[in-house]
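Undergrad: Each residue of the sequence shown is one higher than the one before, counting from 2 in the numbering used here. Each residue gets a CB set at the ideal place from its N, CA and C atoms; glycine is no exception.
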Amino acid sequence: MSHPTLRRDDSGKNLATSDTHIADGKVTVWRIRIFTVTWLSYAGFYFCRKAFGIVKPTLVDDFGFTNMNLAWCWGTYLTTYMLGQFLASKLGQRMACRRMLLGGMALSILMNIFIGATTAGALGKDVIFMWLVVFLGINGFAQATGWPGNVGILTQWTRPTERGRVMGWWGTCYMLGSMLAKHSAAFLLGWLGIAWSFWGASLILFGVWILFYLWGKETPEEVGLPPFIEEVAVDGKTRDSGRPWDQVVHIVFMMGLLYFCFKFTRYAADSWGPTILKDFFKGPDSTARAGHWSTVFDWVGFLGVIAGGYASDKLFQSRRLPVVFYMTALMFVVALVMALYGTHSVWLFITTFGLLGFAMMGPDSLLSGTAAMDISTKEKAVVASAIINGLGSAGPILQEFVIAYLKDTSGTGAVLVLLCGIAGLAFIGSAALWAYTRRRGLEL
């Protein structure tokens, strides 16, 4: 059976259509399935990575960990996660993204089981520290398959003109996933203890693994559907509407450097948010309460992801960088207010912390997802996503050690000043990137 492929000339008119009819219902059903399983896949990955940030205060109080112990544990994870992004970009071109994702999820499940067992045993601090570094390091490689693998699949199932909206909704996976993962870890920590924060995460991701195995498909062609990539005619031939890779690879690296600022901020909020809240606003049961409070960054950031996607498609004709610029400007203003006034009351801090999530998560999603899909051909979407995410992942590594050092030497207030500085750097970088692409006639 032949598969219908939409082909267009330069004016946008159809050149050819298939001689077979694929029911719209089948297309819709499969697109919903793919959206669902990829959404659950990346949200599920978060359950197996977010527990550590929640249990940090417990590791300090019950096991005697220092801030630098915590930094080395999580810094190891972040380093292998960054390196794993570049490995995933290679694997994504050599093997199916579906296989890569199934393998990554399985390995992450196993590592969280081992981490839980390590914290549950009657081991000394040094032994626990050593095994946490090992298992978190391996988990970093496993987790690195999640973003480029899922973006690679979604590129096959979406059209360029709808990606802002689709990825806006899909990008809620790492917001809701992060929120639910942190609430789950905090709840299990208070109910069953530290080990179950990790074991519970493994059970959840295992359920997702089963569903992904059943529903996850690499391309529409695998289930008898046409490809969803629009094509244009060039000299009697057709090709993808994406730009040639050699013309945009330097822009991909620029996007990755800008993404450094967003990942620095996001991981600082995730990793140190509960600790910062506990430092500023102590009280009974402050550890568990701070863990729940810290999720406001994700709850409000969830809205920023959706707003950014819709704004790029509807207000800026599927251009992503204008939205990145304007939301980054807001991010800088909010970070400044939080640094100056946020510690005056817990509710003011929570409000500014949530607004920071809103302003940051829109650009975060657009750069690492939608823009990575748009920048070149569909075959290069996995590579672009991995490079942007890989370069950006240096930010989480650096923040872990810098914030630990600042907390030990200058106090928690210095951390808020640092975040304000990073937001200012992101604002300058987004302005420069937008101006650079406009001068070269690239409507990205």
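Among the residues of its own chain, which have a CB less than 7 Å from the CB of Met112, if the five just before and after it don't count?
TA: Phe136, Ile139, Asn140, Ala143, listed in sequence order.
Undergrad: Can you look up Thr162 in the DSSP assignment and give me helix, strand or coil?
TA: Helix, per DSSP.
Undergrad: So, is Met96 buried or exposed, given that buried needs 16 or more other C-beta atoms within 10 angstroms?
TA: exposed
Undergrad: Under three-state DSSP, which class holds Glu223?
TA: helix
Undergrad: Under 8 Å: do the stretch 387-404 and the stretch 245-256 share three or more Cβ pairs, one atom per stretch?
TA: Because the criterion of three Cβ pairs below 8 Å is met, the stretch 387-404 and the stretch 245-256 touch.
Undergrad: Could you give the DSSP three-state label for Ala145: helix, strand or coil?
TA: The three-state secondary structure of Ala145, taken from DSSP, is coil.
Undergrad: Considering Cα atoms alone, identify which of Ala360, Ser346, Phe48 is closest to Val301.
TA: Ala360
Undergrad: With DSSP as the reference, label Pro397 as helix, strand or coil.
TA: Helix.
Undergrad: Taking 6 Å as the limit between beta carbons, can you name the residues of its chain near Ile116, skipping five residues before and five after?
TA: Phe136, Phe199
Undergrad: Starting from the C-beta of Phe333, find all residues in its chain whose C-beta is less than 6 Å away, skip the five residues before and the five after it, and write them out in chain order.
TA: Ala424, Gly425, Phe428
Undergrad: Can you give the Cα-Cα distance for Arg166 and Asp127, rounded to whole angstroms?
TA: 48 Å
Undergrad: Could you give the residue range of the alpha helix (DSSP H) that holds Pro58?
TA: From DSSP, the alpha helix (DSSP H) with Pro58 extends over 25-64.
Undergrad: Please determine if the stretch 345-355 and the stretch 268-286 are in contact, where contact requires at least 3 C-beta pairs separated by less than 8 Å.
TA: yes
Undergrad: Buried or exposed, going by whether 16 or more other CB atoms sit within 10 Å of the CB of Ser431?
TA: buried
Undergrad: CA-CA distance, Ala308 and Arg50?
TA: 26 Å
Undergrad: Between the Cα of Val181 and the Cα atoms of Leu193, Phe303, Ala72, which residue gives the shortest distance?
TA: In the sequence under discussion, the amino acid at residue 181 is Leu, which differs from the Val named in the question. Per the Cα distances, Phe303.
Undergrad: Helix or strand or just coil, what does DSSP make of Ile376?
TA: coil
Undergrad: Any contact between the stretch 190-205 and the stretch 66-83? By contact I mean 3 or more CB pairs, one from each, below 8 Å.
TA: no
Undergrad: Does the stretch 321-335 come close enough to the stretch 167-177 to have 3 or more Cβ pairs within less than 8 Å?
TA: For the pair of segments examined, the stretch 321-335 was found not to touch the stretch 167-177: the number of CB pairs separated by less than 8 Å stays below three.
Undergrad: Rounded to the nearest angstrom, what separates Val416 and Phe64 at their Cα positions?
TA: 25 Å
Undergrad: Verify whether the separation of the beta carbon atoms of Gly104 and Gly153 is less than 8 Å.
TA: no
Undergrad: Which whole-angstrom value describes the C-beta separation of Gly442 and Thr371, a residue pair presumed to lie in contact below a C-beta threshold of 8 Å?
TA: With 8 Å as the limit, Gly442 and Thr371 do not qualify as a contact, their Cβ atoms being about 20 Å apart.
Undergrad: In terms of alpha-carbon separation, which member of Gly217, Asp314, Val383, Lys381 lies closest to Thr37?
TA: Gly217
Undergrad: Report the three-state DSSP secondary structure of Ala97 (helix, strand or coil).
TA: coil
Undergrad: Quick one: Cα of Tyr175 to Cα of Ser272, how far?
TA: 15 Å
Undergrad: What residues in its chain sit with their C-beta under 7 Å from that of Val28, if we drop five residues either side in the sequence?
TA: Leu226
Undergrad: From Ile376 to Trp246, what does the alpha carbon distance come to, in whole angstroms?
TA: Cα to Cα, Ile376 sits roughly 8 Å from Trp246.
Undergrad: Would you decide whether Lys283 is buried or exposed? Buried here means 16 or more other CB atoms lie within 10 Å of its CB.
TA: exposed
Undergrad: With distances taken from CA atoms, which of Gly358, Pro149, Leu193 is nearest Ser369?
TA: Pro149
Undergrad: Distance check for Gln157 and Pro228, CA to CA, integer angstroms please.
TA: 7 Å
Undergrad: What residue ranges within the stretch 259-317 form continuous beta strand (DSSP E) runs of no fewer than 3 residues, ordered along the chain?
TA: Listed in chain order, there is nothing to give.
Undergrad: From the DSSP output, in three-state form, read off Tyr437 for me.
TA: Reduced to three states, the DSSP call for Tyr437 is helix.
Undergrad: Where Thr159 and Met374 are concerned, what is the direct C-alpha to C-alpha distance, given to the nearest angstrom?
TA: 10 Å
Undergrad: Less than 8 Å between C-beta atoms, sequence neighbours within five positions excluded: which residues of the same chain meet that for Leu206?
TA: Gly45, Phe46, Phe48, Cys49, Met106, Ser109, Ile110, Asn113
Undergrad: Indicate the three-state DSSP secondary structure (helix, strand or coil) for Ser346 in the structure shown.
TA: Secondary structure of Ser346 (DSSP, three-state): coil.
Undergrad: Per DSSP, what kind of secondary structure is Pro364 in: helix, strand or coil?
TA: helix
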